[in-house]
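As structure tokens, the structure follows; a few thoughts come after it.
Residue numbers (the working numbering): 111 to 211.
Below is the structure:
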């Protein structure tokens, strides 16, 4: 966003571009990482608290529920990664450091 754009000309624009690139990288990490962590956590909790999960009579409902919750966590993971990047850039700018570093 515009938080990292400084009035220093080319250096400020380079910092802005670097911040956007970092936001995309962190967003993709969140897009991939959060669903994996969420799926594993939910699956573990399902197996701990529901004795029917994983038994021969189970039709895979616990596993499908865990995957569904994991898939739904993809976009929030991307948003968290992007928000984290812009928050870091904003803090660096407030402390007087270069946001492109």
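No residue lacks a Cβ here, since even glycine has one placed at the ideal position from N, Cα and C. Quick caveat, the model's predicted, so the values are computed rather than measured.
Close CB contacts of residue 163 within its chain, under the 6 Å cut and outside five residues either way in sequence, are with 156, 157 and 172 (chain order).
Around the C-beta of residue 195, 16 or more other C-beta atoms lie within 10 Å, and the residue is accordingly described as buried. Under the three-pair Cβ rule at 8 Å, the segment 132-144 counts as touching the segment 179-197. About 14 Å separates the Cβ atoms of residue 150 and residue 187, ruling out a contact at the 8 Å cut-off. The shortest C-alpha to C-alpha distance from residue 146 to any of 168, 176, 132 and 127 is the one to 176.
Going by beta carbons, residue 183 and residue 148 fall inside the 9 Å limit. Here DSSP, grouped into helix, strand and coil, assigns residue 145 to helix.
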